[in-house]
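To keep things clear, I will list the structure first and then write my remarks on it.
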Amino acid sequence: MTAQLRIEGVYKDFGGLEILMGVDLQIEPGERHAIIGPNGAGKTTLINLITGKYTPSRGRIWFGGMEITSVPAHGRVRLGIGRSFQIINLFPEMTVFENMRNAILSKEGIRLSVRRALKGLRGVTSETERVLALIGLESFRNVPAAELAYGKQRTLEIGLALGLDPQLLILDEPTAGISSAETREIAGVIRRVTERKTLILIEHDMDVVFALADRISVLHHGRILAQGSPAEIRENPEVKEAYLGHLEAVG
Ligand SMILES: Nc1ncnc2c1ncn2[C@@H]1O[C@H](COP(=O)(O)OP(=O)(O)OP(=O)(O)O)[C@@H](O)[C@H]1O
Ligand SMILES: [Mg+2]
16 MTAQLRIEGV
26 YKDFGGLEIL
36 MGVDLQIEPG
46 ERHAIIGPNG
56 AGKTTLINLI
66 TGKYTPSRGR
76 IWFGGMEITS
86 VPAHGRVRLG
96 IGRSFQIINL
106 FPEMTVFENM
116 RNAILSKEGI
126 RLSVRRALKG
136 LRGVTSETER
146 VLALIGLESF
156 RNVPAAELAY
166 GKQRTLEIGL
176 ALGLDPQLLI
186 LDEPTAGISS
196 AETREIAGVI
206 RRVTERKTLI
216 LIEHDMDVVF
226 ALADRISVLH
236 HGRILAQGSP
246 AEIRENPEVK
256 EAYLGHLEAV
266 G
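The opening residue of the sequence shown carries number 16 in this note's numbering; numbering runs sequentially from there.
What follows is the structure, given as structure tokens:
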């Protein structure tokens with residue numbers, strides 16, 4: 016079976032400071048894969064290399080068997096890679112519906128010529144409605160994003176990443192800063208929207224990681240320190256030392 020995503024020997028430095036130093040990672044179609052690791056480990060940087068925001072200093076990346084190392088970001092969206100951001104990314108004065116439609120429009124790169132406008136918009140409207148139903152925000156469609164509870168804003172962010180129905184969904188700390196009740200709700204949404212998709216989840220909340228992930232990779236000092244099932248990772252002494260033990264000490 017062709018891997019959904021394959022990363023081989025990837026390095027990334029910023030002005031000579033090496034952040035990633037030989038990352039190898041293979042993610043299978045349909046798996047939910049969590050990437051964990053301490054602050055500053057390079058998790059978001061790795062995501063930025065997968066989505067094409069940055070190019071690696073060395074190494075190669077394949078998506079569904081096709082090499083994408085030099086494919087630009089918009090091309091990767093078209094190939095089926097969708098992402099959310101660690102920092103909230105909504106237009107606050109626009110409604111839930113308008114935010115969602117805007118994301119779908121910009122992802123399709125639609126240039127609304129007068130002749131194509133009506134036909135194009137119908138498709139965009141039905142796609143917008145499909146995603147709002149999937150994330151459970153239909154009843155909030157006319158509410159300005161700024162007036163949503165914070166957890167619902169984060170849910171809408173997940174929706175924005177789902178425009179164009181990506182095969183691979185990448186979520187960067189979707190539960191950051193939200194209450195534990197809302198966290199459980201979002202974990203449920205993530206599970207639902209990733210049925211028959213591949214998920215890469217970056218997350219510091221270990222309850223969410225252990226509840227959702229089929230496999231976990233631990234990024235530490237620019238490399239994958241360990242990889243395995245949630246049970247394997249929980250029991251791994253190196254991981255406890257480098258990351259989980261530290262979390263327990265803090266939490
Ligand atoms: N564009 C950039 N220019 C310079 N340095 C950067 C850039 N992006 C990231 N870095 C640096 O790379 C390191 C890793 O950052 P990154 O955001 O990937 O970490 P992270 O694992 O996502 O951390 P966190 O858990 O806090 O989100 C940090 O030291 C950061 O300052
Ligand atoms: Mg990050």
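A virtual CB, placed ideally from N, CA and C, is assigned to each residue, including glycine.
Just so it is clear, the structure is predicted and the values come from calculations on it, not from any experiment.
The beta strand (DSSP E) enclosing residue i, as first and last residue numbers
i	result
F78	R73 to F78
S232	R230 to H235
F29	L20 to F29
G151	Element bounds for G151: n/a, residue is neither H nor E.
A49	R47 to I51
G37	L32 to I42
Residue i CB to nearest heavy atom of ligand 2 below 7 Å
i	result
K27	no
D187	yes
beta-carbon residue i near ligand 1 non-hydrogen atom, thresh 7 Å
i	result
N117	no
N54	yes
T59	yes
I22	no
I34	yes
Beta-carbon separation (whole angstroms), residue i vs residue j, contact threshold 8 Å
i	j	result
Y258	V223	Not confirmed; about 15 Å, so no contact.
E228	H48	Note that residue 228 is Ala in the sequence shown here, rather than Glu. Contact holds; Cβ gap of about 6 Å.
S99	E153	The pair is not a contact, with the Cβ atoms about 20 Å apart (cut-off 8 Å).
I96	I65	7 Å
R211	M36	About 34 Å separates the two Cβ atoms, so there is no contact after all.
Q41	A18	5 Å
V204	I150	6 Å
R116	V139	6 Å
First and last residue of the uninterrupted alpha helix (DSSP H) at residue i
i	result
A164	No alpha helix (DSSP H) holds A164; DSSP gives it neither H nor E.
V92	A88 to L94
I62	K58 to T66
Contact between the segment 185-193 and the segment 215-226: three or more CB pairs below 8 Å?
The answer is yes - the segment 215-226 touches the segment 185-193, with three or more Cβ pairs under 8 Å.
Specify whether the segment 144-151 and the segment 85-92 touch according to this definition: at least 3 beta carbon pairs, one from each stretch, less than 8 Å apart.
Result no; under three Cβ-Cβ pairs closer than 8 Å.
Mind the definition here: the segment 162-178 touches the segment 106-123 only if three or more C-beta pairs lie below 8 Å; say whether that holds.
As far as the Cβ criterion goes, the segment 162-178 touches the segment 106-123, which means the pair count is three or higher.
Flag this pair as touching only if the segment 166-174 and the segment 192-210 have three or more C-beta atom pairs under 8 Å; answer yes or no.
With the cut-off at 8 Å, the segment 166-174 and the segment 192-210 touch.
Below 8 Å, how does it come out for the segment 62-81 and the segment 232-248: are there three or more Cβ pairs, yes or no?
The answer is no - the segment 232-248 does not touch the segment 62-81, with fewer than three Cβ pairs under 8 Å.
Within the segment 181-262, ranges of the alpha helix (DSSP H) (whole runs, at least 4 residues)
With a minimum length of 4 residues, the continuous alpha helix (DSSP H) runs that stay inside the segment 181-262 are 195-208, 221-227 and 245-250.
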